[in-house]
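Novice: Chains as they are written, first to last, in the numbering used here: chain A, 371 to 764; chain B, -8 to 157. Just so you know, even glycine gets a beta-carbon here, dropped at the ideal spot from N, CA and C.
1. Residue 453 (chain A) and residue 421 (chain A): beta carbons closer than 8 Å?
2. Would you decide whether residue 155 (chain B) is buried or exposed? Buried here means 16 or more other CB atoms lie within 10 Å of its CB.
3. Answer with buried or exposed for residue 674 (chain A), where buried requires no fewer than 16 other C-beta atoms within 10 angstroms of its C-beta.
4. Sort A:632, A:720, A:497 by Cα distance to residue 460 (chain A) and report the nearest one.
5. Near residue 9 (chain B), what residues of its chain come up, given a Cβ to Cβ distance below 7 Å and the 5 sequence neighbours on each side ignored?
6. Taking 8 Å as the CB-CB cut-off, is residue 580 (chain A) touching chain B?
7. Whole-angstrom Cβ separation of residue 687 (chain A) and residue 494 (chain A), contact assumed at under 8 Å?
8. Under 8 Å between beta-carbons, which chain B residues line up against residue 491 (chain A)? List them in chain order, please.
9. Once DSSP output is grouped into helix, strand and coil, what is the label at residue 517 (chain A)?
10. Nearest CA to the CA of residue 754 (chain A): which residue from A:680, A:706, A:735, A:658?
11. On a Cα-Cα basis, can you pick out the residue from A:588, A:757, A:554, A:610 that is closest to residue 467 (chain A)?
12. Just how far apart, CA to CA, sit residue 50 (chain B) and residue 60 (chain B)?
13. List, from N- to C-terminal side, the alpha helix (DSSP H) runs of 4 residues or more that fit wholly inside the region 536 to 574 of chain A.
14. How long is the line joining the alpha carbons of residue 31 (chain B) and residue 152 (chain B), rounded to whole angstroms?
15. Answer with yes or no whether the minimum CB distance from residue 624 (chain A) to chain B is below 8 Å.
16. Do you know whose CA, among B:121, B:106, B:21, lies nearest residue 239 (chain B)'s CA?
17. Does the separation of the CB atoms of residue 87 (chain B) and residue 573 (chain A) fall below 8 Å?
18. Taking only runs of the alpha helix (DSSP H) that begin and end inside the region 615 to 654 of chain A, which ones reach a length of at least 4 residues, in chain order?
19. Since residue 741 (chain A) is in the beta strand (DSSP E), which residue starts that stretch and which ends it?
20. Looking at residue 614 (chain A) and residue 590 (chain A), is the spacing between their C-beta atoms short of 8 Å?
21. Could you check the C-alpha separation between residue 42 (chain B) and residue 717 (chain A) for me, to the nearest Å?
22. For the 8 Å Cβ check, are there 3 or more pairs between the region 575 to 584 of chain A and the region 699 to 717 of chain A?
23. For the beta strand (DSSP E) containing residue 143 (chain B), list its first residue and its last residue.
24. Return the CA-CA distance between residue 663 (chain A) and residue 620 (chain A), expressed in angstroms with no decimal places.
25. Classify residue 372 (chain A) as buried or exposed, calling it buried when 16 or more other Cβ atoms lie within 10 Å of its own Cβ.
26. Who pairs with residue 482 (chain A) in a beta bridge, going by DSSP?
27. Apart from the five residues just before and just after residue 103 (chain B), which ones in its own chain have a Cβ nearer than 6 Å to its Cβ?
28. Can a CB atom of chain A be found closer than 8 Å to the CB of residue 131 (chain B)?
29. Around the Cβ of residue 632 (chain A), are there at least 16 other Cβ atoms within 10 angstroms (buried) or fewer (exposed)?
30. Any beta carbon of chain A sitting closer than 8 Å to that of residue 152 (chain B)?
31. Go to residue 657 (chain A), then tell me how far its beta strand (DSSP E) extends in each direction, as first and last residue.
32. Quick one: what's got a C-beta closer than 7 Å to residue 698 (chain A)'s C-beta in the same chain, skipping five residues either side?
33. Residues of chain A with CB under 8 Å from residue 148 (chain B), in chain order?
34. Taking a cut of 9 Å between CB atoms, which residues from the region 70 to 90 of chain B lie near chain A?
35. Mind pulling the chain A residues with CB within less than 9 Å of residue 57 (chain B)?
36. What residues from the region 4 to 28 of chain B come within 7 Å of chain A, judged by C-beta to C-beta, listed N to C?
Given below as structure tokens:
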């Protein structure tokens, strides 16, 4: 019988401004992950994929996989490597782990992602962000920190589709309020529309709560086959049904859409992932979309097919992303409130979707059987989608 | 130049922390782009084999993989499609206001070039405004040249500025 990948368990450490080293954060996350599956021991794990992008810059550490393996007490024999797709690193690790376990090249893989971004002086991380985009072309134009790029994106969406600042604020309010009771989120603040609308300016039209914070943190999950998982847990199995990762450009001048609010590369990724998972947008009961900025979620709900193009603002502000809405999104708080330690984010998203599909999420979506995670990375250079389900693809 | 806290780096220039491109011939095969900038020319590469014009410049054509490329001039004037202005919290290395614009230079592949707008106060720029290329010097960096010792190389970079002076 074909080997089919499932996400077995996962956990994360407390995210925020952490008094800890990068390797400390990874250890905390791995412990939380094993705590989630007491029948699994570190010696059972035969593969490790580490997702971190800023270890080189902020922790002066490259070749992180052996370093992390040793700290976690793992002795991988199938794979021990690192991947770097910035904001999508964790999701990339899960995609690779799925491929490896389904191909029979690994049995039980830990995917662990993390970043220590707060350096002793804050300027270093801001300055190092020049490496997050194409350094010589967009970095040197001052595009390293993403708010200007997403401010341009928001202005284009407002210009072409009439989206209002209130629509953006509605995303922030929804996601912040999902995280009020999330003990590992960076922000646990009940946010009102009035507060969001009157928040300090970052780059207009973006204000404070439109932007995800800078975050230290790590997360880890276990990817294995359904047959192995059945021997380790009584929880419902959560299959990775279909995935896609699409890159059509890197330099912003070559952005593939008609304008910055037209995300052709996300449409391509969505079409491919839905096809692989044999589902359609209307089957998605719960989703984690990459809300690095409020405007991102507005555009993502459109390009993922949850609403028509141009209607993302009203979709979000009319409560369709809340519990009881058409597609509850970022039900643990998303990037806006949980924070965004780049390599860890895709794993956090996967853990929340796993819990939703197992019926043990904090803000549970009723009868959730199909869930989706999405990341964008770089200066909107790449889109990554994973679709999870209670049943395998048949 | 002292690096506080890292005494062994005193008088050394950590180029790996440099915010500007390393442009010297010894380290970058598209050095001609930067040499052209010094002449006020905004250029990129065109494939002499298949005709593909790529931006940024390449050493291999991304369409046909030919290495037979030539530099061609791109327009140096264009129109602002959309722009953003950051006044507070501008990142290290850039001055307030940090203005970015998507600019239409009128020809492919630079119909939607994203550039910094300089020599422009906050609140001055409007959509549709005409902007032009602005080339400026950026700090030199050292290169070890064997028996010649360490030499400093001059560098430039570019942005756009309003045609109509504020």
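Specialist: Concretely, from the data shown:
1. In this structure, residue 421 (chain A) lies closer than 8 Å to residue 453 (chain A) by Cβ.
2. exposed
3. Buried, by the Cβ-count rule.
4. The alpha carbon of residue 460 (chain A) has as its nearest neighbour, out of A:632, A:720, A:497, the alpha carbon of A:720.
5. 132
6. no
7. About 38 Å separates the beta carbon of residue 687 (chain A) from that of residue 494 (chain A), a gap too long to meet the 8 Å contact definition.
8. Those within 8 Å of residue 491 (chain A) in chain B number zero; the least Cβ separation is about 10 Å.
9. For residue 517 (chain A), the three-state secondary structure derived from DSSP is helix.
10. Of all alpha-carbon atoms in A:680, A:706, A:735, A:658, the one lying nearest the alpha-carbon of residue 754 (chain A) is that of A:658.
11. A:610
12. 7 Å
13. 563 to 567
14. One C-alpha to the other measures close to 13 Å.
15. yes
16. Lying outside -8 to 157, the shown extent of chain B, residue 239 (chain B) is not represented and no answer is given.
17. no
18. 634 to 647
19. Where residue 741 (chain A) is concerned, the enclosing beta strand (DSSP E) stretches over 740 to 747.
20. no
21. 44 Å
22. yes
23. 141 to 153
24. 19 Å
25. exposed
26. Partner(s): A:420, A:590.
27. 93
28. With respect to chain A, the C-beta atom of residue 131 (chain B) has no partner C-beta closer than 8 Å.
29. buried
30. no
31. Its beta strand (DSSP E) spans residues 656 to 658.
32. In its chain, beyond the 5 residues on either side, 656, 691, 692, 735 have a beta carbon closer than 7 Å to the beta carbon of residue 698 (chain A).
33. 510
34. Taking 9 Å as the Cβ-Cβ cut-off, the region 70 to 90 of chain B approaches chain A at 72, 73, 74, 75, 76, 77, 78, 79, 80, 81, 82, 83, 84, 85, 89, 90, given in chain order.
35. Chain A residues near residue 57 (chain B): none, gap ~20 Å exceeds 9 Å.
36. Of all residues in the region 4 to 28 of chain B, 10, 11, 12 have a Cβ within less than 7 Å of some Cβ in chain A.
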